[in-house]
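In the numbering used here, the protein residues as written are 738 to 1281.
Even glycine gets a Cβ: it sits at the ideal position worked out from N, Cα and C.
See below for the structure under consideration.
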Amino acid sequence: MGLDLGALVLKSGGLSVSDYDSIVAINIFVALLCSCIVIGHLLEGNRWVNESITALVMGLITGGVILLVSGGKNSHILVFSEDLFFIYLLPPIIFNAGFQVKKKQFFRNFMTIILFGAVGTLISFVIISLGAMTLFKKLDVGPLQLGDYLAIGAIFSATDSVCTLQVLNQDETPLLYSLVFGEGVVNDATSVVLFNAIEDIDIANFDSLVLLAFIGNFLYLFFTSTLLGVVAGLLSAYIIKKLCFARHSTDREVAIMILMAYLSYMLSMLLDLSGILTVFFSGIVMSHYTWHNVTESSRITTKHTFATLSFIAEIFLFLYVGMDALDIEKWKLASSSPKKPIALSATILGLVMVGRAAFVFPLSFLSNLSKKETRPKISFKQQVIIWWAGLMRGAVSIALAYHKFTASGHTELRINAIMITSTVIVVLFSTMVFGFFTKPLLNLLIPPRPDIAADLSSQSIIDPLLGSLLGSDFDVGQPSPQNNLQLLLTIQTRSIHRVWRKFDDRFMRPMFGGRGFVPFVPGSPVERSIHGSQLGTVTEAEHS
């Protein structure tokens, strides 16, 4: 079901069009992408409306216009393929998330992020799956098997961190931003791994052995995918450090970083692993080692290139979802009236809200128990914001739903059409409504304080790529925790941190480069100046 970008299959009234019409359709879609960027820029001051909502609205408007022009036969100009999403659109989004991550904040709250992103996703998956098995039958949705219900649980367990992060401000609320960002990425990876594991199990002969095989397959996918991403990142760092591409061309540095990142994702897909986990950890490792091994011009180029590709992919996807929401073919096949898809969507949203509440508040309590007195804990108001922010569904949910319930973007069965239209409604409603009210809810529960915001800004506005993988997040001379659980977890965390820093400084950085390593380009006084100044800074920091 692959979609050749050189020969996109375009539709008009359900029939293939000529090459001329194909070019016209592509021009329209590119023009819409440009319009979304321009309108998003004009609305930049209003944080209630972000680019995702803008793209959805533009897609709805465009879909309505196409629907009128085609006489009610069609509402979009491109046929969606989940392969297009997983092969071309998703890699830059996830890689950029890992590449631009503020690693110090991310790993400072790593245990909480894992609790929310992995354990919490599993809890939400179970609740949504069980709820769907119970409630869908009362709605007379149609014939669904156990594998379908499990797939639905995985599909709607995937949150949309893109919309949430466009609303939150990491300088005003660094803890919230770190938790929502980290949970979003780990959640997406966990949901996709769950979905893939469900696809591989034998549902017809489901028993305790099959359940154990499912758990084993999930853990295998999770850890091997992570390991592959780390290896790919280290390999790129070693190649660039040893070969010194910058002596001949900085373009080669940029090219090898982009291609190695994409290769890690495609290799993971080829091995039936989780490409999301692989490319995310590849991005983290590349930003910690590889990025510091290239020249200054290459650093600026790679940073903005990855961010731009991710931005365009996000806008592309939400623009298409907006147009596909008015696909008359799916709506007619789903039901004679929109009541059933709307009722099903409301049921799914209710399960999503219950499933999220079932882990956010209990896991926040456990996380607070493990924190020292001096470390900020997750307040109840912050927990409410985390719960609310994770109610949005987007790119991953859409792609998984299309993968499960369509063939090359088309639906042939009524139940499949119902599930696709319901998924589109959930994504539209959650993104536009929950996303729209996230900022006012944040201001209501945690009013911004200029003095604290300015202090936080001075600490966190530093370029995220200049930090180490694990910053000095744990102070040695702090008061002891109050209880044995806090003492146990804190001592273990601090010990792991110290061991990692010593191992990284002694073995990893000398071999793979990283902070403090600046490539020397003969004949470049700028590079020599940067080289000397940064080495002096690092040496001073190490002796201080």
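- In the three-state reduction of the DSSP assignment, GLN882 falls in the coil class.
- The alpha helix (DSSP H) runs lying completely inside the segment 1016 to 1078 and spanning 4 residues or more are 1033 to 1061 and 1065 to 1071, given in chain order.
- Across the set GLY1087, SER1082, PHE1017 and ILE1115, the C-alpha of ILE1115 shows the shortest separation from the C-alpha of PHE1098.
- PRO911 sits in a helix when the DSSP states are folded into three classes.
- Taking every protein chain shown into account, the CB of GLY1127 has 16 or more other CB atoms within 10 angstroms, so this residue is buried.
- Cβ contact annotation for ALA1132 (same chain, cutoff 6 Å, sequence separation greater than five): LEU1054, in chain order.
- ILE1155 places its beta carbon 8 Å or farther from that of LYS1040.
- 8 Å or more divides the Cβ of GLY800 from the Cβ of MET1129.
- Here the alpha carbons of SER807 and GLU920 stand approximately 42 Å from one another.
- A straight-line Cα-Cα distance of about 43 Å links LEU965 and LEU1181.
- Under the DSSP assignment, PRO1177 falls in the alpha helix (DSSP H) whose first and last residues are 1172 to 1182.
- Scanning the segment 831 to 874 for uninterrupted alpha helix (DSSP H) segments of 4 residues or longer gives 840 to 845 and 847 to 851, listed from N- to C-terminal end.
- Our two residues, GLU936 and GLY884, have alpha carbons roughly 8 Å apart in a direct line.
- Distance between LEU958 and ASN833, taken at the CA atoms: about 22 Å.
- Put simply, the backbone Cα of VAL1031 is about 52 Å away from that of PHE943.
- In the three-state reduction of the DSSP assignment, SER928 falls in the helix class.
- Less than 8 Å separates the beta-carbon of VAL923 from that of ALA855.
- SER1011 and ALA926 do touch by the CB rule: their CB atoms are close to 6 Å apart, below 8 Å.
- Taken through DSSP and simplified to helix, strand or coil, ARG1252 comes out as coil.
- Within the same chain, ALA934 and ASP937 come within 7 Å of ASN954 by CB-CB distance, once the 5 residues on both sides are set aside.
- Remark: three or more beta-carbon pairs, one from each stretch, lie closer than 8 Å, so the segment 991 to 1002 and the segment 962 to 979 are flagged as touching.
- Nearest to ILE976 by alpha-carbon distance, out of THR963, LYS1141, THR961 and ALA992, is ALA992.
- Distance between SER928 and GLY868, taken at the CA atoms: about 17 Å.
- Distance from the CA atom of SER1101 to the CA atom of GLY1087, rounded to whole angstroms, is 21 Å.
- Ranked by Cα distance from GLN1120, the first of PHE1096, GLY1250 and THR1143 is PHE1096.
- In the structure shown, PHE823 falls within a helical segment according to DSSP collapsed to helix, strand and coil.
- Around the beta carbon of ALA941, fewer than 16 other beta carbons sit within 10 angstroms, so the residue counts as exposed.
- The beta-carbon separation of ALA888 and PHE932, rounded to 6 Å, stays under the 8 Å limit for a contact.
- Non-local C-beta neighbours of MET1090 in its own chain, meaning closer than 7 Å and more than five positions away in sequence, comprise LEU1128, ordered along the chain.
- The segment 840 to 855 and the segment 1161 to 1169 do not touch, with fewer than 3 CB-CB distances between them shorter than 8 Å.
- Between GLY890 and PHE862, the C-beta gap is smaller than 8 Å, which places the two residues in contact.
- A straight-line Cα-Cα distance of about 13 Å links LEU827 and SER1005.
- Taking each of LEU946, GLU788, ILE1085 and SER1104 in turn and checking the Cα distance to THR1160, the smallest one comes out for ILE1085.
- Here ILE824 is not near ILE1052, since their CB atoms are 8 Å or more apart.
- Contact check for ILE790 and PHE1173: beta-carbon distance about 7 Å, within the 8 Å limit, so the pair qualifies.
- DSSP, reduced to helix, strand and coil, places LEU1008 outside both helices and strands of the structure shown, so it counts as coil.
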